[in-house]
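Participant:
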Amino acid sequence: MGTGPLEPVRVGVLGAASTAWRRMLPALAGTPGVTVTAIASRDRAKAARFTDRFGGEPVEGYAALVGRADVDAVYVPLPNALHHEWTTAALLAGKHVLAEKPMTTDAAATARLLGLAEANGLVLRENFTFLHHPAHATVRDLCAAGRLGEVRSFTGSFCFPPLPADDVRYRPDLGGGALLDAGVYPIRTAQLLFGDDLEPVGAVLRVDADTGVDVAGTALLVSAAGVAVTAEFGFQHSYAGGYRLWGSTGRLSLDRAFTPPATHQPVLRIDEQDHAEELVLPAADQFARSAAAFADEVRAARAGTPPQRQAGTHRTAELVDAIRALARTTTTSGGR
Numbered sequence: 001m002g003t004g005p006l007e008p009v010r011v012g013v014l015g016a017a018s019t020a021w022r023r024m025l026p027a028l029a030g031t032p033g034v035t036v037t038a039i040a041s042r043d044r045a046k047a048a049r050f051t052d053r054f055g056g057e058p059v060e061g062y063a064a065l066v067g068r069a070d071v072d073a074v075y076v077p078l079p080n081a082l083h084h085e086w087t088t089a090a091l092l093a094g095k096h097v098l099a100e101k102p103m104t105t106d107a108a109a110t111a112r113l114l115g116l117a118e119a120n121g122l123v124l125r126e127n128f129t130f131l132h133h134p135a136h137a138t139v140r141d142l143c144a145a146g147r148l149g150e151v152r153s154f155t156g157s158f159c160f161p162p163l164p165a166d167d168v169r170y171r172p173d174l175g176g177g178a179l180l181d182a183g184v185y186p187i188r189t190a191q192l193l194f195g196d197d198l199e200p201v202g203a204v205l206r207v208d209a210d211t212g213v214d215v216a217g218t219a220l221l222v223s224a225a226g227v228a229v230t231a232e233f234g235f236q237h238s239y240a241g242g243y244r245l246w247g248s249t250g251r252l253s254l255d256r257a258f259t260p261p262a263t264h265q266p267v268l269r270i271d272e273q274d275h276a277e278e279l280v281l282p283a284a285d286q287f288a289r290s291a292a293a294f295a296d297e298v299r300a301a302r303a304g305t306p307p308q309r310q311a312g313t314h315r316t317a318e319l320v321d322a323i324r325a326l327a328r329t330t331t332t333s334g335g336r
């Protein structure tokens, strides 16, 4: 006997961003029980290009979308510095929110949003899609089972080549920079594996003298259990997006850890003293899984279940603030 159709979650999208076009709008539009009802842009023609593909009504201006009665939840893929303003507006309008990472550009703003959502019984999620990929749960299970012995260190890297000169990630007024855009991935991975009790103990940020944003960096943190955590990030590198764990009896590595295609089968490599093996894991669409998890939590909130607390989200923002505060800076020019 079937369970019947899912209660619909009607989603409005604030901003016609490329990440929405490539990643999350296909996931939202393809999730059972989710309907894209409106997409807003400052340019109505740009919004119309998106609605032609994903459905819904094109809307000119973000405020007009937030106030719509046919929108239950809002997806916010705007530049980082605009997240706080428009997530606040959506929450005050009684909408649940899925905000792209980072939720805001500082911990105090993140705390305000989380408090506002909790006070109003609304779902507020930071869209770290990789957290929904089962490969990372497998890594955590292997560590817990002692496969690597006592974990001594973790190194996570998310780096890619220079971006186009007009990319918003080079604009400090829009919350640009490599730490907020890429560094948060290895930091959040370390939180997943070792808990939120991480403390930064050193950092270097490479700042572009022309734009004022950090274009590369490295941060060193330590976990409550004494695990050394290194986070590498930047816009000045050949592509790398993965992490390595080194324990007393073995090492584990996972490449393409943060934004793998839905068809990608992750490969965990484990190296021991006299043995090496590779575990090929099932493919998973982390964007679809994130969209479905958000919609499920919205339905649960409607039924009276309090939304999940997002302590990890606030802690990530605190760690970013702390890394900025203690970092030694070097300068470069032209993003190179």
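According to the UniProt record's numbering, numbering within the sequence shown proceeds without interruption in unit steps and concludes at 336. Just so it is clear, CB atoms sit at the ideal spot from N, CA and C, and this is done for glycine as well.
1. Using the three-state DSSP reduction, which class does Asn80 fall into: helix, strand or coil?
2. What three-state label does DSSP hand Tyr243 in the structure shown?
3. Which residues bound the alpha helix (DSSP H) around Asp296?
4. Taking C-alpha atoms, which residue in Met103, Leu131 and Asp70 lies nearest to Ala284?
5. List in chain order: all unbroken alpha helix (DSSP H) runs of 4+ residues lying wholly within the segment 43 to 95.
6. Buried or exposed, going by whether 16 or more other CB atoms sit within 10 Å of the CB of Thr329?
7. Just to confirm the assignment, what range does the beta strand (DSSP E) spanning Glu277 have?
8. Which term fits Gln308, buried or exposed, when burial requires 16 or more other beta carbons within 10 angstroms of its beta carbon?
9. If I'm right that Leu179 touches Thr105 with Cβ under 8 Å, what's the distance once you round it to whole angstroms?
10. Any idea if Tyr75 is buried or exposed, counting beta-carbon neighbours within 10 angstroms, 16 or more meaning buried?
11. Cutting at 7 Å between CB atoms, please list the residues of its own chain near Phe287, excluding the five before and the five after it.
12. Kindly indicate which three-state DSSP category Val168 falls into: helix, strand or coil?
13. When DSSP labels each residue in this structure, what does Ala99 get in the three-state scheme?
14. Going by DSSP in three states, Asp196 sits in which element: helix, strand or coil?
15. For Glu232, I'd like the list of residues in its chain whose CB is within less than 6 Å of its CB, leaving aside the five on either flank, ordered along the chain.
16. For Leu142, tell me which candidate among Pro79, Gly247 and Leu220 has the shortest Cα-Cα distance.
17. Return the residue from the list Arg112, Lys101 and Trp21 that minimises the CA-CA distance to Leu91.
18. Look up Ser153 in the DSSP assignment and give the residues it is bridged to.
19. Taking its Cβ as the centre, do 16 or more other Cβ atoms sit within 10 Å of Ser238, making it buried, or is it exposed?
20. Taking all protein chains shown into account, decide if Glu277 is buried (16 or more other Cβ within 10 angstroms of its Cβ) or exposed.
21. Would you check if the segment 288 to 302 and the segment 159 to 177 touch, i.e. whether three or more CB-CB distances between them fall below 8 Å?
22. Alpha carbon to alpha carbon, what distance is there between Arg10 and Asp70?
23. Out of Ala89, Leu124, Ala117 and Glu150, which has the shortest C-alpha to C-alpha gap to Glu100?
24. DSSP state of Ser41, grouped into three classes?
25. So, is His275 buried or exposed, given that buried needs 16 or more other C-beta atoms within 10 angstroms?
26. What residues in its chain sit with their C-beta under 6 Å from that of Glu57, if we drop five residues either side in the sequence?
27. Does the Cβ-Cβ distance between Ala216 and Gly241 come in under 9 Å?
Facilitator: Once the coordinates are examined:
1. helix
2. Under the three-state reduction of DSSP output, Tyr243 falls in the strand class.
3. Start and end: Gln286 to Arg302.
4. Leu131
5. 44 to 54, 62 to 66 and 83 to 92
6. Burial call: exposed.
7. It spans His275 to Val280 - the beta strand (DSSP E) in which Glu277 sits, taken as one unbroken run.
8. exposed
9. With 8 Å as the limit, Leu179 and Thr105 do not qualify as a contact, their Cβ atoms being about 10 Å apart.
10. buried
11. For Phe287, the CB contacts under 7 Å within the same chain, skipping 5 residues up- and downstream, are Arg23, Met24, Ala27 and Thr129 in chain order.
12. helix
13. strand
14. coil
15. Excluding sequence positions up to five before and after Glu232, its CB lies within less than 6 Å of the CB of Ser157 and Thr218, all in the same chain and listed in chain order.
16. Gly247
17. Arg112
18. Ala228 and Trp246
19. By the neighbour-count criterion, in which 16 or more other beta carbons inside 10 Å mark a residue as buried, Ser238 falls on the exposed side.
20. Classification of Glu277: exposed, given that the 10 Å Cβ count is below 16.
21. no
22. If I take the Cα positions, the gap works out to 7 Å.
23. For Glu100, the closest of Ala89, Leu124, Ala117 and Glu150 by C-alpha to C-alpha distance is Leu124.
24. strand
25. Label assigned to His275: exposed.
26. Ala38
27. Against a cut-off of 9 Å, the Cβ pair of Gly241 and Ala216 comes out as no contact.
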